[in-house]
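Residue numbers (mature numbering (1 follows the signal peptide of the UniProt record, and there is no 0)): -20 to -1, 1 to 220. Glycine included, each C-beta is placed from N, C-alpha and C at the ideal position. Scroll down for the structure; my scribbles are underneath it.
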């Protein structure tokens, strides 16, 4: 009978950088998993061109997220083939950040590393506030900037929550072998913003900027909570 014990491999952001450096040698690299992040968006960064979203003309100039950790859970088949008496269904690889992601332009590499050759069911990651006092995201989890009907706006939130992301076909696993596997966490910004009526956003304190945040300085807290929930819902895995 197997002895059930939770086993977690912890890798910090610092150790990931050291791991990446140590994996490169005269024989090449032994990294076999690269985790990336991207966004689906058709918004222009130029304020001279806008996209109509629910009766509002919207431009986006910034889209940043902060993630504190990423976890990969072994598929059940891994436990059936391993002889490790200390592995159970709670075993996982945990990558500790923080990871500050700039998602508006192209794909961002989060990390590359060498993992046990196995199938992984899904990726879990934790949204969390940025703790770097030198960052413009300090104390924020997400920041989106742009214009709404030609008025500058900023949406930010400081929520903390862990979510699971999977492929569109939920039975598809992340398969890590000897060759490099690319997996992308994608956030559909188009879908997120199209499901919230930004035409309702107001500059309540008349300072020239529409702020959509939990602090509710402009009276847009309900919109901030809606955007937060939509952000969590539009995350998905893409298999490159």
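Check: Classify residue 126 as buried or exposed, calling it buried when 16 or more other Cβ atoms lie within 10 Å of its own Cβ.; Outcome: buried
Check: Below 8 Å, how does it come out for the stretch 33 to 50 and the stretch 78 to 86: are there three or more Cβ pairs, yes or no?; Outcome: yes
Check: How would you call residue 193, buried or exposed, if buried means at least 16 neighbouring beta carbons within 10 angstroms?; Outcome: buried
Check: Using 8 Å as the limit for Cβ to Cβ distance, is residue 120 near chain B?; Outcome: Annotation note: the requested chain B is absent from the structure, which comprises a single protein chain.
Check: For residue 276, which residues does DSSP report across the bridge?; Outcome: This structure cannot speak to residue 276, because the chain is shown only from -20 to 220.
Check: Output the distance between the C-alpha atoms of residue 55 and residue 128, rounded to the nearest integer angstrom.; Outcome: 44 Å
Check: Tell me the rounded alpha-carbon separation between residue 28 and residue 172.; Outcome: The pLDDT assigned to residue 28 is 46, lower than 50, so where the model puts this residue is not dependable; a value taken from the coordinates is nonetheless given after this. Each residue's Cα considered, the two are about 22 Å apart.
Check: Name the DSSP beta bridge partners of residue 78, please?; Outcome: Looking at the DSSP assignment, residue 78 forms no beta bridge with any residue, so it has no partner.
Check: Look at the alpha carbon of residue 186 and the alpha carbon of residue 195, and state the distance between them as a whole number of angstroms.; Outcome: 16 Å
Check: Excluding the 5 residues preceding and the 5 following residue 207 in the sequence, name in chain order all residues of the same chain whose CB lies nearer than 6 Å to its CB.; Outcome: 135 and 176
Check: Helix, strand or coil for residue 72 per DSSP?; Outcome: strand
Check: Given this structure, state the Cα-to-Cα distance separating residue 109 from residue 143, to the nearest angstrom.; Outcome: 15 Å
Check: For residue 158, which residues from the same chain have a beta carbon less than 8 Å from its beta carbon, with the 5 sequence-adjacent residues on both sides left out?; Outcome: 12 and 97
Check: List in chain order: all unbroken beta strand (DSSP E) runs of 3+ residues lying wholly within the stretch 173 to 204.; Outcome: 190 to 192
Check: Under 6 Å Cβ to Cβ from residue 140, same chain only, skipping five residues before and after it: list those, please.; Outcome: 108
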